[in-house]
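>
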Amino acid sequence: LLTGCSGNGVTPPLPNEEVPTEILKLIEEYIGYKQVVRWPDGIVTIYDETNYEGTQTILNQINSVIDGPVEFQLSQDSNSQIKVEFKEIGGTVFAGIDSNNNEITEVFLYINPATANEAIYEYAFLIAAGISVLKVEEGITQEIKTVLYWLYKLEPGHPL
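The numbering used here numbers the first residue of the sequence shown as 1 and each following residue consecutively.
#1: DSSP three-state label for S80, please.
#2: Do you know how far the Cα of D41 is from the Cα of G91?
#3: So is L148 buried or exposed if we call it buried at 16+ other beta carbons inside 10 Å?
#4: Could you pull the start and end residues of the beta strand (DSSP E) that A95 belongs to?
#5: Would you mind giving the Cβ-Cβ distance between I104 and G130, rounded to the nearest angstrom? I have them listed as a contact below 8 Å.
#6: Where W150 and V84 are concerned, what is the direct C-alpha to C-alpha distance, given to the nearest angstrom?
#7: Can you tell me whether DSSP reads V147 as helix, strand or coil?
#8: In chain order, what are the residue ranges of uninterrupted beta strand (DSSP E) at least 3 long that sit wholly in the region 21 to 89?
#9: How many whole angstroms separate the CB atoms of Q73 and T115, which I take to be in contact at a CB cut-off of 8 Å?
#10: Would you check if the region 17 to 29 and the region 51 to 61 touch, i.e. whether three or more CB-CB distances between them fall below 8 Å?
#11: Considering only residues of the same chain and omitting the five flanking positions on each side of N101, which have a CB-CB separation below 8 Å?
Structure below.
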């Protein structure tokens with residue numbers, strides 16, 4: 001793939017261009033649904049109770065890949081749409097995701113403090129952005145960049 005204008009490594013669509021079938025299949029594989037399920041357009045706020053210093057860097061990467069119409073922003077509001085907390089759990093990350101009409105409405109991320117590191121936070125925020133738990137283990141790969149970019153170019157509910 002060629003690099004797009006934003007430098008995220010994804011070729012942007014031409015005006016009125018149909019999304020290639022292989023991209024739709026890739027999105028379905030990576031999100032685990034037969035239709036687009038994602039955050040509605042606009043700002044999605046994140047309250048990171050863990051105060052991880054690398055959160056903004058990870059969000060900048062994800063925002064750069066998505067290239068609009070959704071932007072993830074850190075917030076001091078404890079009622080933010082995404083909440084991140086330390087919690088002693090059996091694994092590394094637990095994500096609780098609420099959605100309505102193919103739009104993600106709220107995400108709770110519990111991170112095991114014993115295993116918290118940059119890769120775990122990247123993993124958690126990719127899940128919060130809509131990528132299936134089964135597909136985020138390698139971090140922000142070129143394939144995940146392609147999926148995120150196209151996922152957020154399609155409307156919630158778009159058939160895959």
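Quick reminder that beta carbons are idealized off the backbone N, C-alpha and C, glycines included.
This is what the structure holds:
#1: Correct three-state label for S80: coil.
#2: Approximately 32 Å, taken between the alpha carbons.
#3: Per the 10 Å Cβ criterion, buried.
#4: Per DSSP, A95 belongs to the beta strand (DSSP E) from V93 to N100.
#5: Rounded, the Cβ-Cβ distance is 6 Å, consistent with contact.
#6: Here the C-alpha atom of W150 lies approximately 26 Å from the C-alpha atom of V84.
#7: In the displayed model, V147 falls within a helix according to three-state DSSP.
#8: Listed in chain order, they are 42 to 48, 70 to 74 and 82 to 86.
#9: The Cβ separation is near 26 Å, so there is no contact.
#10: Counting C-beta pairs with one atom in each stretch, the region 51 to 61 and the region 17 to 29 have fewer than three that are closer than 8 Å, which means they do not touch.
#11: The residues are P156 and G157.
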